[in-house]
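Taking the working numbering, I'd label the letters of the first sequence as residues 5 to 397.
Here a beta-carbon is modelled for each residue, glycine too, at the ideal position from N, C-alpha and C.
Since the model is a prediction, treat every value here as computed from it, not as a measurement.
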Amino acid sequence: MKRIIFHVDVNNAFLSWTAVYLLKNGYDKDIREVPSVIAGDEKSRHGIVLAKSPLAKKYGIVSAETLYSARRKCKNLEVFPPQYDFYMEMSNLFYNYLKDYTPLIEKASIDECFLDLTNTKYLYDDILFLAYKIKNEIKEKFGFTVNIGIANNKLCAKMASDFTKPDKVHTLFMEEVKDKMYPLPVSDLLFVGKNTTELLKKININTIGDLANANELTLKKYFKNRSRDLINAANGIDDSPVISDPFINKCISISRTLVEDTNNEKTLKRILLDMSDIVGLRARKKNLFASTIAITFKTSSFKSYSHQEKLINSTNNTMEIYKKVLSLYENIDKNEKIRNIGIRLDNLKNIKKEQVSLFESNKANDNLQEVIDKINSKYDNSIIMPAIFYEKK
DNA sequence: TCTGGGGTCCTAGGACCC
DNA sequence: TCTGGGGTCCTAGGACCC
5 MKRIIFHVDV NNAFLSWTAV YLLKNGYDKD IREVPSVIAG DEKSRHGIVL AKSPLAKKYG
65 IVSAETLYSA RRKCKNLEVF PPQYDFYMEM SNLFYNYLKD YTPLIEKASI DECFLDLTNT
125 KYLYDDILFL AYKIKNEIKE KFGFTVNIGI ANNKLCAKMA SDFTKPDKVH TLFMEEVKDK
185 MYPLPVSDLL FVGKNTTELL KKININTIGD LANANELTLK KYFKNRSRDL INAANGIDDS
245 PVISDPFINK CISISRTLVE DTNNEKTLKR ILLDMSDIVG LRARKKNLFA STIAITFKTS
305 SFKSYSHQEK LINSTNNTME IYKKVLSLYE NIDKNEKIRN IGIRLDNLKN IKKEQVSLFE
365 SNKANDNLQE VIDKINSKYD NSIIMPAIFY EKK
């Protein structure tokens, strides 16, 4: 049976949401109507474009480019800082509104959801009418616009919602793939990024249609096992389900770009401890336990490295994470200055894997952690941490 | 004042086992 | 007297997405 899938995507999410916030708070201008971007603070080296208005786009400004370069393209560019807390609020409003239409809803990211309406569509006599109703209601209720893609699977729904923006509904049913998707440049296809586009160009594949009809053996030379997936994607084939189960992270990570490059051990260890506590707390809140811990870093010359290690007992305990992080830190080249440093908890499961040890028990650690978390949640900002970690260099 | 941050998935290559 | 072969697990690195 053919499925009916909606992909609902907030137009220029960060920029729209900041526009909503500003208008609500008496700002007299809609920043969606001028050349504007949302970008981080350059002084703390976060100066890249996170979202752009349609007019900023006309100047050739793209996401993830440096603010410096964006300003050079457009002299009167208006720049606003991101407001992550407000974005989370809007994202939840959006999701809670949509989930009234079907229990089969998947939150794909902060600003997009998939809805499987296959079994609920009989409730709505006209699926297109329903999409317009959802789109218009979101605009009226919340003040931002969305695009909705309607298709028989997630891939095509997502492609469709990307067609023309903003505030639009598009369909891309299986029988429309040839007409609507084949003529597009292959770089428009999901999972085809910059590098893949370059490689495809070499073998004269320029449109999605070219890829759809490509010879798998030819592709294999460049893309190995990925070849079949690429051809399937180009043909609009995808049978991945809409997953509404509470989301279980595969990994939780955190990283920070430092105010200035450093190889000062004390500074780096202090930051690693801080971050160990943050990721640990996030894992504990979701009741997830990591069996792999990694540290990641970027050097002054922008080269990335990582070191990871599997644990015998999985954990989400701050002290245990930090202990492992420190031992991983010992492996890194202490001469190189570090620009960005991070921690990743990987192979997360919602049960604790524990090998029974004759010699020690982690029970005490876990109990202590629970007490610390309780205290910290009561007194917002105070971070309680065993003193030994502060006194040890 | 060049170049963020949080994710997922895949692959190569080494270690180790039988 | 000159180096197998299959399987699994683990780490490092890279591509891609929003």
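### Query
When you compare only the Cα positions, how much space is there between Ser-331 and Ala-294?
The residue you call residue 331 lines up with position 327 of the first sequence. The residue you call residue 294 lines up with position 290 of the first sequence. Approximately 16 Å, taken between the alpha carbons.
### Query
If you check the beta carbons only, do Ala-55 and Ala-23 fall under 8 Å apart?
Indexing the first sequence from 1 puts residue 55 at position 51. Indexing the first sequence from 1 puts residue 23 at position 19. No, the pair does not count as a contact, with Cβ atoms beyond the cut-off.
#### Entry: Whole-Å CB distance - Arg-232 paired with Glu-220, under 8 Å assumed
Taking the first sequence and counting its residues from 1, the one referred to as residue 232 is at position 228. Taking the first sequence and counting its residues from 1, the one referred to as residue 220 is at position 216. Yes, they are in contact, since the Cβ atoms of Arg-232 and Glu-220 sit about 6 Å apart, within 8 Å.
### Query
In angstroms, rounded to a whole number, what distance separates the CA positions of Leu-215 and Ala-238?
Position 211 of the first sequence holds residue 215. Position 234 of the first sequence holds residue 238. Leu-215 and Ala-238: Cα-Cα distance of roughly 6 Å.
### Query
Nearest to Lys-289 by CA position, among Gln-373, Leu-71, Asp-45, Tyr-226, is which residue?
In the first sequence, residue 289 corresponds to position 285, counting from 1. Closest by alpha carbon: Gln-373.
### Query
Based on the DSSP secondary-structure assignment, which residues constitute the bridge partners of Asp-214?
Within the first sequence, the letter at position 210 stands for residue 214. Paired residues: none, contrary to the question.
### Query
If you follow the alpha helix (DSSP H) that Gln-373 is part of, which residue opens it and which one closes it?
Locating residue 373 in the first sequence gives position 369, counting from the first residue. 367-382 is the extent of the alpha helix (DSSP H) around Gln-373.
### Query
Which value, in whole angstroms, describes the spacing of the CA atoms of Lys-137 and Asn-291?
The residue given as residue 137 occupies position 133 in the first sequence. The residue given as residue 291 occupies position 287 in the first sequence. The straight-line gap from Cα to Cα measures roughly 38 Å.
### Task
Please report the Cβ distance between His-50 and Thr-271, rounded to the nearest whole angstrom; I am assuming they are in contact, meaning their Cβ atoms lie under 8 Å.
Working through the first sequence from its first residue, we reach residue 50 at position 46. Working through the first sequence from its first residue, we reach residue 271 at position 267. His-50 to Thr-271, Cβ: 19 Å. No contact.
### Query
What do you get for Ser-113, buried or exposed, if any count of 16 or more other CB atoms within 10 angstroms of its CB means buried?
What you label residue 113 is simply residue 109 of the first sequence in a count that begins at 1. By the 10 Å Cβ count, Ser-113 comes out exposed.
### Task
Can you tell me which of the three DSSP states Lys-397 falls into?
Position 393 of the first sequence, counting from 1, holds the residue named residue 397. With a pLDDT of 39 at Lys-397, under the threshold of 50, the modelled position of that residue is not reliable, and no figure is offered here.
### Task
Please confirm whether Asn-157 and Asp-242 have their CB atoms less than 8 Å apart.
Numbered from 1 along the first sequence, position 153 holds the residue referred to as residue 157. Numbered from 1 along the first sequence, position 238 holds the residue referred to as residue 242. It is a contact, given that the beta carbons lie within the stated cut-off.
### Task
With a floor of 3 residues, list each beta strand (DSSP E) that falls wholly inside the stretch 209-275, ordered by position along the chain.
256-266
### Task
Going by CA-CA distance only, name the one from Glu-269, Thr-266, Arg-75, Asp-171 that's closest to Ala-43.
The sequence position of residue 43 within the first sequence is 39, counting from 1. The residue with the shortest Cα to Cα distance from Ala-43 is Arg-75.
### Task
Leaving out five residues on either side along the sequence, give the residues of the same chain with a beta carbon under 7 Å from the beta carbon of Asn-317.
Here residue 317 corresponds to residue number 313 of the first sequence, with the count starting at 1. Correct list, in chain order: Lys-357, Glu-358, Gln-359, Asn-366.
### Task
Say whether the stretch 173-188 touches the stretch 149-156, bearing in mind that this needs 3 or more beta-carbon pairs closer than 8 Å, one atom from each stretch.
yes
### Message
Rounded to the nearest angstrom, what separates Leu-121 and Met-92 at their Cα positions?
### Response
Your numbering for residue 121 matches position 117 in the first sequence. Your numbering for residue 92 matches position 88 in the first sequence. Taking the straight line joining both Cα atoms gives about 25 Å.
### Boundaries of the beta strand (DSSP E) in which Ala-294 is found, first to last residue
Indexing the first sequence from 1 puts residue 294 at position 290. Start and end: 293-303.
### Beta-carbon spacing of Ile-325, Ser-259 below 8 Å
The residue labelled residue 325 in the question sits at position 321 within the first sequence. The residue labelled residue 259 in the question sits at position 255 within the first sequence. No, the pair does not count as a contact, with Cβ atoms beyond the cut-off.
### Message
At 3 residues or longer, what runs of the beta strand (DSSP E) sit wholly inside the stretch 136-224?
### Response
150-155, 173-176
### Task
Mind checking which residues open and close the alpha helix (DSSP H) that includes Glu-324?
Numbered from its first residue, the first sequence carries residue 324 at position 320. Looking at the DSSP string, the run of the alpha helix (DSSP H) that includes Glu-324 is 322-333.
### Task
Under 7 Å Cβ to Cβ from Ile-282, same chain only, skipping five residues before and after it: list those, please.
Translated into positions along the first sequence, residue 282 becomes position 278. For Ile-282, where only same-chain residues beyond five positions count, the Cβ hits under 7 Å are Ile-258.
### Task
Would you kindly report the start and end of the unbroken alpha helix (DSSP H) that includes Leu-352?
Along the first sequence, one-based indexing puts residue 352 at 348. It is not in any alpha helix (DSSP H) - Leu-352 instead sits in the beta strand (DSSP E) that spans 342-353.
### Message
Quick check: what's the CA-CA separation for Pro-245 versus Tyr-186?
### Response
What you label residue 245 is simply residue 241 of the first sequence in a count that begins at 1. What you label residue 186 is simply residue 182 of the first sequence in a count that begins at 1. When rounded, the distance between both Cα atoms is 24 Å.
### Message
Just to confirm the assignment, what range does the beta strand (DSSP E) spanning Ser-318 have?
### Response
In the first sequence, the residue the question calls residue 318 occupies position 314. Run containing Ser-318: 308-319, per the beta strand (DSSP E) assignment.
### Query
Buried or exposed: where does Val-66 fall if 16 or more other Cβ atoms within 10 Å of its Cβ makes it buried?
Mapped onto the first sequence, residue 66 falls at position 62. Result: exposed.
### Message
Would Leu-119 and Ile-252 qualify as a contact pair, given that the criterion is a beta-carbon distance under 8 Å?
### Response
Translated into positions along the first sequence, residue 119 becomes position 115. Translated into positions along the first sequence, residue 252 becomes position 248. No, these two residues do not count as a Cβ contact at 8 Å.
### Task
Quick one: residues in its chain with C-beta nearer than 6 Å to the C-beta of Leu-134, no 5 flanking neighbours on either side, listed in chain order?
The sequence position of residue 134 within the first sequence is 130, counting from 1. Cβ within range, chain order: Tyr-128.
### The alpha helix (DSSP H) enclosing Leu-102, as first and last residue numbers
Within the first sequence, residue 102 is the residue found at index 98, counting from 1. Segment 88-102, the alpha helix (DSSP H) holding Leu-102.
### Query
Is it the case that the Cβ atoms of Asp-377 and Leu-285 are separated by a distance below 8 Å?
Residue 377 sits at position 373 when you count from the first residue of the first sequence. Residue 285 sits at position 281 when you count from the first residue of the first sequence. Yes, the pair counts as a contact, with Cβ atoms nearer than the cut-off.
### Task
Tell whether a beta-carbon distance below 8 Å holds between Tyr-101 and Ile-52.
By one-based count along the first sequence, residue 101 stands at place 97. By one-based count along the first sequence, residue 52 stands at place 48. No, the Cβ-Cβ distance between Tyr-101 and Ile-52 is not below 8 Å.
### Message
Quick check on the DSSP output: the beta strand (DSSP E) that includes Ser-113 runs from which residue to which?
### Response
Translated into the one-based positions of the first sequence, residue 113 becomes position 109. Unbroken beta strand (DSSP E) run through Ser-113: 109-113.
### Task
In angstroms with no decimal places, state the Cα-to-Cα distance between Asn-339 and Tyr-309.
Taking the first sequence and counting its residues from 1, the one referred to as residue 339 is at position 335. Taking the first sequence and counting its residues from 1, the one referred to as residue 309 is at position 305. So the two alpha carbons sit approximately 14 Å from each other.
### Message
Using DSSP's beta-bridge definition, name the partner residues of Asn-11.
### Response
Counting from 1 along the first sequence, the entry for residue 11 is found at position 7. Position check: residue 11 holds His in this sequence, whereas Asn was assumed. According to DSSP, His-11 bridges with Phe-118, Gly-153.
### Task
Look at Asp-370 and Asn-321 and say whether their C-beta atoms are less than 8 Å apart.
By one-based count along the first sequence, residue 370 stands at place 366. By one-based count along the first sequence, residue 321 stands at place 317. Their beta carbons are under 8 Å apart, which means Asp-370 touches Asn-321 by this criterion.
### Message
If I follow the unbroken beta strand (DSSP E) through Leu-54, where does it start and stop?
### Response
Here residue 54 refers to the residue found at position 50 of the first sequence. Residues 53-56.
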